[in-house]
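Chains as they are written, first to last, in full-length UniProt numbering: chain A, 1 to 734; chain B, 1 to 184.
Ideal Cβ placement from N, Cα and C applies to all residues, glycine included.
Structure, as structure tokens:
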């Protein structure tokens, strides 16, 4: 076996321009053979290859022991170590030329397991044989499947692209069509899209029906040349190209596993076999983001291979270089590799051409679906490190681009319906918070229904996590709005890459739906969890976002929290929650005031309903009379108790029990203040703080404890009349 | 035919009783092992292959607060068994004291019709439908946690809510057709 390694080594060290055909590979074989002869004895594998190189056309197969012996030898090497590029060339040439008839062809094709790369020339020659020889259709299909399987191991693709038209001509062959379409999908570039090809595909479609493989190819064509393809293509297609259960799968994995160490250490030409075609049914492989690698390897070839100059992404190393070459960048063969490279993501972000994103989404959608929704063994491996890393990488790509991919969005809608609420929770919630604005007509069905079911049956921590996730989602939506909103007309395109355009009112509806939904979750969640302060804190986080929608994000929409959120926060046992509520109410006031001022100024038609003002005033009055004026349980307040019940409770002066002194959250401060204020006093009379002077000292004391929210609330809502006897404030209503 | 009734017996003090019904009798055992570790309430776990429950220890059996049907989607029998067992439950159970737990929902070999059928069943009975990852320890723990959340409410141990209220929030809705959302 050492000889094979020698062979490929000598091959690699020789100049690049060789092995154009089997003839030159013969030459190199002979060179290698000479070298080898110097060193060691005859190697049967090299002899076997020589046999297949030299065997004459018309040699009989049956009863041919030489043939049988040699082929068995090649198969053995193939299944154990994989075949070197030269061996692939020789064997492919032998098989496709039908020198010994078509019967050995299938057998040879099945053992073509590459050890490192597949020489492009061999594939091109084989494609040519496809037209010349009389290869049976089933064998032709097998060959194309093989090409798809090893597509990413083919060293360069420029010559394959050059025979695009030739490959395209096989599209009419009914049995070959799905596979040819897939191959074309992988090879298509803008120049390849021509009117006559589009016409041919449309013709086929009318003959075969709306086949997914045709639609996919057409959708790619449409992306490149929208003017040529007038066909309307469904925005989300069910799935891509069919899985073909390839006969090479298990052998390829085995060989790669065995060669794994070797390859990694020798840093040979990228070993990127984690392609969608060959790993359809394989575990783990989707989850590895392939290394960035160009379609065209050598710079020299780049220059001559096509009329326009293309620069593979992998050759760019700085942002400046990216900017220079922006308009002639060659996308890598595997779009998944884009996720791993920040430069590639920069490119995705700037480029207007949709094909890159379409291909990436295609790959991503498939990978996510296969790995997380459609698992071979019930999904036991999902918790593995690979899944985690894959999703983390996807998340960081999302964060980098500051938007989600449409394929991950579509995936989430399905995944939420079968999620147990804990599998990969941080990642799934992270992805969820990145989804673009969902139209209000769909949002309930797609998001709210599965989320409600998960929320109420899951633990407190899930509830907190989900509220945080929805807060992030709202933040992103609002940020998109403030970035993409066009000022003159109210239409906004929310996402630079997807073509979902939304009217401002549509956007407002969606935001309103989301805010109301969280309001409902929070009210009932707080009730079920007994107003847990951790959950309350996450809910208040959310309302800190909501109260500032107008001033911070320019969205003329103010939604008040439901009373199920307001009162638990007001009567919370911890002062931080009360303080944050005060801050939120202060911001609501600032937002509402400036909205009203602007309405008067511009007389524009945006309108905050009277209902909102009413709710706000109601809350403020309640809050002031409860915290400041010691008038709890007055008629007309949000929280009411019967007079008799209150008397029965025998709480003295029950109306003061939630003012800033007696409020359970602030009581300890009042006691502390009392001791500091009157150190000598034995009996504690907290009500004495209520007097004008100590009251203002007490407030100062509270504010120095860091309760800025309370401070702002007091300053903006209460005009204090210090002259008045008891420091009774006065609410300022609008 | 003896119906299992939710209110025929008195509840125990600070205890909750859960009945796990699974035809395969695999997942219920691992669930039970984790369920009994709960410390805040005394959780009694009863296991059954199918309903009706045998008559002999009817007297000694405590009041069942929550009936969980575990359905393995890879097996047709699992679903059928649950479906026939449902007949032996008093209608009172369907006011928030029944839930379905589905395993293997993400398995490639499961035809989508199976999941749809379970969804339809759960939706028609207004019961919650929980999904569980039965093959990993983490999945079992989280499934247990969720069952406990529902169980505590069903056993009236959460003072702020009732089983009927919770089931109204968590009940399964009919399967949305999300393959082709029309974004117009």
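Backbone CA spacing between residue 447(A) and residue 429(A) [nearest angstrom]
Their Cα atoms are separated by approximately 12 Å.
Are the stretch 590-599 of chain A and the stretch 534-546 of chain A touching by the rule of at least three beta carbon pairs closer than 8 Å?
Taking a cut-off of 8 Å for Cβ pairs, the stretch 590-599 of chain A and the stretch 534-546 of chain A do not touch, as fewer than three such pairs fall below it.
Run down chain B in chain order and give the residues with a C-beta less than 7 Å from the C-beta of residue 464(A).
Within chain B, no residue has its beta carbon less than 7 Å from that of residue 464(A); the closest one is some 14 Å off.
At the level of alpha carbons, what is the spacing between residue 268(A) and residue 114(A)?
Its pLDDT being 27, under 50, residue 268(A) is placed unreliably by the model, and the measurement read from it follows with that caveat. The alpha-carbon of residue 268(A) is positioned some 13 Å away from that of residue 114(A).
Less than 8 Å between CB atoms is the rule here; does residue 530(A) satisfy it with respect to chain B?
True, the Cβ-Cβ gap to chain B drops below 8 Å.
Alpha-carbon to alpha-carbon, residue 179(A) and residue 150(B):
Spanning the two alpha carbons is a distance of roughly 51 Å.
Nearest residue (CA-CA) to residue 359(A), options 531(A), 99(A), 222(A)
That would be 222(A), whose Cα lies nearest to the Cα of residue 359(A).
Among all the DSSP beta bridges, which residues are the ones paired with residue 103(B)?
Beta-bridge pairing links residue 103(B) to 72(B), 132(B).
What does the alpha-carbon distance come out to for the pair residue 342(A) and residue 107(A)?
Residue 342(A) and residue 107(A): Cα-Cα distance of roughly 44 Å.
Between the beta-carbon of residue 255(A) and the beta-carbon of residue 506(A), is there less than 8 Å?
For residue 255(A) and residue 506(A), no; Cβs fall outside 8 Å.
Against residue 173(B), what residues of chain A qualify as contacts under a CB-to-CB distance less than 7 Å, listed in chain order?
Scanning chain A for C-beta atoms nearer than 7 Å to the C-beta of residue 173(B) yields 449, reported in chain order.
Beta-carbon separation of residue 61(A) and residue 100(A) under 8 Å?
Yes; because the gap between Cβ atoms is below 8 Å, this pair is in contact.
DSSP-derived helix/strand/coil call for residue 17(B):
DSSP places residue 17(B) in strand when its eight states are reduced to three.
In chain B, which residues lie with their C-beta within 7 Å of the C-beta of residue 373(A)?
Per Cβ cutoff of 7 Å: 106.
Selection of the stretch 103-135 of chain B by Cβ proximity to chain A, strictly under 7 Å
If the cut-off is 7 Å between Cβ atoms, the stretch 103-135 of chain B has 104, 105, 106, 107, 108, 128, 130, 131, 132, 133, 135 near chain A.
Within its chain, find whatever has a CB closer than 6 Å to the CB of residue 473(A); leave out the 5 residues flanking it on each side and keep chain order.
Only 433 meet the Cβ criterion.
Sufficient close CB pairs (3 or more, under 8 Å) joining the stretch 551-570 of chain A to the stretch 689-699 of chain A:
No contact exists between the stretch 551-570 of chain A and the stretch 689-699 of chain A.
According to a CB-to-CB cut-off of less than 7 Å, which residues of the stretch 411-434 of chain A neighbour chain B?
Residues of the stretch 411-434 of chain A that bring their beta carbon within less than 7 Å of a beta carbon in chain B comprise 413, 414, 418, 419, 420, 421, 422, 423, in sequence order.
Taking Cβ-Cβ distances shorter than 9 Å, what residues in chain A pair up with residue 170(B)?
Per Cβ cutoff of 9 Å: 452, 453, 454, 455, 456, 457.
Return the residues of the stretch 133-158 of chain B that lie within a Cβ-Cβ distance of less than 7 Å from chain A, sorted by chain order.
For chain A, the residues of the stretch 133-158 of chain B that bring a beta carbon within less than 7 Å of one of its beta carbons are 133, 135, 136, 138, 139, 142, 143, 145, 146, 149, 150, 158, in chain order.
Taking 7 Å as the limit between beta carbons, can you name the residues of its chain near residue 265(A), skipping five residues before and five after?
Below a pLDDT of 50, predicted positions are generally treated as unreliable, and residue 265(A), at 31, falls in that range; the measurement from the model is reported next regardless. There are no such residues.
Classify residue 174(A) as buried or exposed, calling it buried when 16 or more other Cβ atoms lie within 10 Å of its own Cβ.
When all chains shown are included, residue 174(A) counts as exposed.
Which whole-angstrom value is the C-beta distance of residue 745(A) and residue 139(A), which I expect to be below 8 Å?
In this structure chain A extends from 1 to 734, so residue 745(A) is not present and cannot be described.
Check whether the Cβ atoms of residue 609(A) and residue 509(A) sit closer than 8 Å, and answer yes or no.
It is not a contact, given that the beta carbons lie outside the stated cut-off.
Mind pulling the alpha helix (DSSP H) runs of 4 or more residues that sit fully within the stretch 534-589 of chain A?
The alpha helix (DSSP H) runs lying completely inside the stretch 534-589 of chain A and spanning 4 residues or more are 549-553, 563-570, given in chain order.
Segment limits, alpha helix (DSSP H) that includes residue 122(B)
Run containing residue 122(B): 112-124, per the alpha helix (DSSP H) assignment.
Close-in-space but distant-in-sequence residues of the same chain around residue 477(A) (CB under 7 Å, 5 per side omitted):
Excluding residues within five positions, the ones whose Cβ falls inside 7 Å are 437, 511.
With distances taken Cα to Cα, identify the nearest neighbour of residue 480(A) among 58(A), 465(A), 549(A).
Residue 480(A) has its Cα closest to that of 549(A), out of 58(A), 465(A), 549(A).
Quick one: give me the first and last residue of the alpha helix (DSSP H) that residue 125(A) is part of.
120-132 is the span of the alpha helix (DSSP H), which, as asked, contains residue 125(A).
Residue 262(A) versus residue 51(A) - alpha carbon distance:
Bear in mind that a pLDDT of 42 at residue 262(A), under 50, signals an unreliable position, so the number given afterwards is only what the model happens to contain. Looking at the two C-alpha atoms, the distance is approximately 29 Å.
Interface residues of chain A facing residue 20(B) [CB-CB closer than 8 Å]:
None at all; the shortest Cβ gap to chain A is about 16 Å.
What does the alpha-carbon distance come out to for the pair residue 670(A) and residue 662(A)?
Rounded to the nearest angstrom, the two C-alpha atoms are 8 Å apart.
Would the stretch 120-138 of chain B count as touching the stretch 384-402 of chain A if we require 3 or more Cβ pairs under 8 Å?
Judged by Cβ distances under 8 Å, the stretch 120-138 of chain B makes no contact with the stretch 384-402 of chain A, as fewer than three pairs qualify.
Looking at C-beta atoms only, is the number of pairs between the stretch 450-465 of chain A and the stretch 410-430 of chain A that lie closer than 8 Å three or more?
Remark: three or more beta-carbon pairs, one from each stretch, lie closer than 8 Å, so the stretch 450-465 of chain A and the stretch 410-430 of chain A are flagged as touching.
Taking 8 Å as the cut-off, decide whether the C-beta atoms of residue 695(A) and residue 659(A) are in contact.
No, the Cβ-Cβ distance between residue 695(A) and residue 659(A) is not below 8 Å.
What's the call for residue 530(A), buried or exposed, on a 16-neighbour Cβ count within 10 Å?
An exposed status is given to residue 530(A), since fewer than 16 other beta-carbon atoms sit within 10 Å of its beta-carbon.
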